[in-house]
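Under this note's numbering, the first residue of the sequence shown is numbered 1089, with each subsequent residue one higher.
Glycine is no exception: its CB is placed at the ideal position from the N, C-alpha and C atoms.
The structure appears right after this line, and notes come after that.
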Amino acid sequence: MSLAKSIAQEWVVDPFHRLKWGFIPTRRIVDESDIAVHTGNSESELEQETHTEHPEKVLNGSGSDKASDVKTEQHSNDEEEEEEETEQETHLEYRDEANRKWWAFFNEGEYRVNDKQASGTKWWQWFGSGVSPQERKLLLKLDILLAFYSCMAYWVKYLDFSNLNNAFVSGMREELGFKGNDLVNTQVMFTVGNIVFQLPFIFILNKVPLNYLLPALDICWSVLTIGSSKVNSISHLKAIRFFIGVFEAPAYLAYQYLFGSFYKHDEMVRRSAFYYFGQYAGIMSAGGIQASVYAVLDGRGGLSGWRWNFIIDGCISLAVGIIGFYALPGDPFNCYSIFLTDDEIRLARKRVQQNNTQKADFSSKFFNKKVWLRILTDWKIYVLTLWNIFCWNNNNGSSGAYLLWLKSLKKYSIPELNRLSMITPALGMIYLASAGLFADKLHSRWGAIVFTQVFNFIGNVILAAWNVPQGAKWFAFMLQYFGWAMAPVLYSWQNDICRRDAEARSIILVIMNMLAQTTTAFMSVLVFKTVEAPRFLKGYTWTAVSAFCLSLWTLVVLWLYKREEKQNARSNGIVLYNSKKEGVPPVESPTA
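If you want it as structure tokens, here you go:
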């Protein structure tokens, strides 16, 4: 079969045959009777299944759990590759803690990555050296179906969010009669709707097929965005912005949850950063689209340029929402993808088991007292929520500060203002890529967070001082998006920290996101009052303080994370001992 026919078969013909009635993706039934794969296993059960061999066999990769390997071997096309994978899975590193140096605290992967895994990872490689061709193909598919599509979805989400600021400086202010703090109050209406309707997802995020839910909500907010073009009063605009916030409520955290369902800990940040490209692209293209629309369509059909902008943004969002029904794959154990083969679904399940990521169970209760007791008596929900509060408050971009400052200079036309608004998010993409590569390739998520916040802190201190040369202000605003560059690192790390408990992972994700976003709803009104623009002394000061606190709290998270990984080092392929206290554990020669 030619390459073209092979591609057409895999990406067009086979996916079409997997659709119900020719247009509805349905849940893929793959090895449902395989209890070891399909049932939700706790971490201890998984460890018992995959690590019951004698230490000397595991250390040398010669022992294997026949029951857990049967399914994979049955579907392997290359026995040598399968043996190599099994060896990597069963390898154990015996590590002496007797002479551990104090600076080892800053080695984030100390108890997470054993020497075999570390030696197989090179910073310049997108895939690790031990990744099989089948796994590379799966990852490339996931990068298209999940990472790339999520980037598009986040792009239109932020296009529809940030177009309000662009409309404000493009004639909407005068046409609707904005006064005082009307702009910030309208922004808050979106935030309130967004926060309130995250509440149901505390209970259902890991219990519903997100491949249906997310595109449906995308379509709803797209229609409302188009409806924004017809508003004739600020109150009407506030109402529509509230409901746009309602329909966008689960989008951000749902995609983060899906990343944690498919990707391993050292793959996740780069994909999450790519997802964030959509945010910056949305902010950047909002200005470009508004500039073009204002220049070409202003006055056409009796509509102002900013009204046409809402129509065009909504139509783009509508198309992306429809694509989502077919692109989003669900999760490995509740897979709806029409593009993944059965073997690729099996491989995806195997990968998350290797990562000790517990599966989502759609049949579990919406409210389980034992689950909540387990969550509320653990450190994660409290520490990670405060951590995320600092994250959500460490950026001045959503206030429109940069655009408002440019307008206050009174030397740029409306198209020029919109074009200049594209500079900061474009730089933000570079910051995002740097943070993602730093975190994944250097295995230092804490380092990536602190690195970004140093620049973020410097920029906001300069803006808080304000009475500085105009060049210094330009420099400070160019650092603006260092604040959000660490967000994919933080959310990916949360996924990794909570990976052993699927329900805790989803519940903590929603709660920490909801409470953090809640603080921005009232803090933005307090510190970024429109009447104080573009000075925002309180706003820049608060942002700088949040950046500083975020850096310090990241070290607290690092300490707690490493403490827990140390307790679970055995499941990560590391056996710890202290030769000064207990001697060296015996390791016998492998047996056949």
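With a threshold of 7 Å on Cβ separation, who are the neighbours of residue 1321 within its own chain once the five nearest residues in sequence on each side are excluded?
1264
Determine the closest residue to residue 1425 out of 1095, 1381, 1117, with distance taken between C-alpha atoms.
1117
Would you tell me roughly how many angstroms separate the C-alpha atoms of residue 1131 and residue 1592, rounded to the nearest one?
Legend: pLDDT at residue 1131 = 39, less than 50; position of this residue unreliable, no value from coordinates given.
Which word fits residue 1293, buried or exposed, when buried means at least 16 other C-beta atoms lie within 10 angstroms of its C-beta?
buried
So, with DSSP's three-state summary, where would you put residue 1663?
strand
Who are the Cβ neighbours of residue 1158 in its own chain at under 7 Å, not counting the five residues just before and after it?
With a pLDDT of only 37 at residue 1158, under 50, the local geometry of the prediction cannot be trusted, and the value read off the model is given with reservation. Closer than 7 Å at Cβ, skipping near neighbours: no residue.
For residue 1523, which of 1501, 1545, 1630, 1570 has the nearest alpha-carbon?
1570
Between the segment 1339-1358 and the segment 1574-1587, do three or more beta carbon pairs fall short of 8 Å?
Segments in contact, yes.
Is the segment 1503-1521 touching the segment 1644-1664 in the sense that three or more CB pairs, one from each, lie closer than 8 Å?
no
Roughly how many whole angstroms lie between the Cα atoms of residue 1565 and residue 1099?
44 Å
Sort out for me which residues DSSP pairs residue 1113 with in a bridge.
1107
Between residue 1606 and residue 1283, which are expected to be in contact by the criterion C-beta below 8 Å, what is the C-beta distance as a whole number of angstroms?
5 Å
Considering just the uninterrupted stretch of the alpha helix (DSSP H) at residue 1653, what are its terminal residues?
1625-1655
From which residue to which residue does the beta strand (DSSP E) around residue 1184 run?
Per DSSP, residue 1184 belongs to the beta strand (DSSP E) from 1181-1184.
Which residue wins for smallest C-alpha separation from residue 1626, given the options 1220, 1487, 1497, 1525?
1487
Go to residue 1311, then tell me how far its alpha helix (DSSP H) extends in each direction, as first and last residue.
Here the alpha helix (DSSP H) through residue 1311 covers 1298-1315.
Have a look at residue 1325 and residue 1442 and give me their C-alpha separation to the nearest angstrom.
49 Å
Three-state secondary structure (DSSP) at residue 1423?
In this structure, DSSP gives residue 1423 an extended state, which the three-state scheme calls strand.
What do you get for residue 1527, buried or exposed, if any count of 16 or more other CB atoms within 10 angstroms of its CB means buried?
Residue environment analysis places residue 1527 among the buried positions, since at least 16 neighbouring C-beta atoms fall within 10 angstroms of its C-beta.
Could you tell me whether the segment 1666-1674 touches the segment 1182-1202, where touching means 3 or more Cβ pairs closer than 8 Å?
yes
Starting from residue 1566, follow the alpha helix (DSSP H) in both directions and report where the run begins and ends.
Element bounds for residue 1566: 1558-1566.
From which residue to which residue does the alpha helix (DSSP H) around residue 1344 run?
1339-1350
Output yes or no for whether 8 Å exceeds the beta carbon distance between residue 1371 and residue 1513.
yes
Here's a check: name, in chain order, each residue in its chain whose Cβ is nearer than 6 Å to the Cβ of residue 1520, leaving out the five neighbours to either side.
For residue 1520, the CB contacts under 6 Å within the same chain, skipping 5 residues up- and downstream, are 1361, 1364, 1573 in chain order.
Determine the DSSP secondary structure at residue 1516, reduced to helix, strand or coil.
helix
Counting only runs that start and end within the segment 1473-1557, where is the alpha helix (DSSP H) found for 4 or more residues in a row?
1489-1496, 1502-1508, 1511-1529, 1533-1553
For residue 1401, count neighbouring Cβ atoms within 10 angstroms of its own Cβ and tell me buried if that reaches 16, exposed if not.
buried
Could you check the C-alpha separation between residue 1458 and residue 1465 for me, to the nearest Å?
11 Å
I'd like to know whether the C-beta atoms of residue 1536 and residue 1550 end up nearer to each other than 8 Å.
no
Roughly how many angstroms separate the alpha carbons of residue 1145 and residue 1204, rounded to a whole number?
Low confidence applies to residue 1145: its pLDDT is 34, below 50, so where it sits in the model is not reliable enough to give any reading.
Okay, do the segment 1240-1247 and the segment 1420-1439 touch, 3+ Cβ pairs below 8 Å being the bar?
no
For residue 1370, write down the residues that DSSP places opposite it in a beta bridge.
Residue 1370 is not bridged to any residue.
If I measure Cβ to Cβ from residue 1196 and keep anything under 8 Å in the same chain, skipping five residues before and after, which residues do I get?
1531, 1532, 1533, 1534, 1535, 1646, 1649, 1650
Run through DSSP, which three-state label would residue 1098 get?
helix
Any idea which residues DSSP pairs residue 1418 with across the strands?
1423
For residue 1152, count neighbouring C-beta atoms within 10 Å of its own C-beta (all shown protein chains included) and say buried if the count is 16 or more, exposed if not.
Low confidence applies here, because residue 1152 scores a pLDDT of 35, under 50, leaving its location unreliable; read the following figure in that light. Per the 10 Å Cβ criterion, buried.
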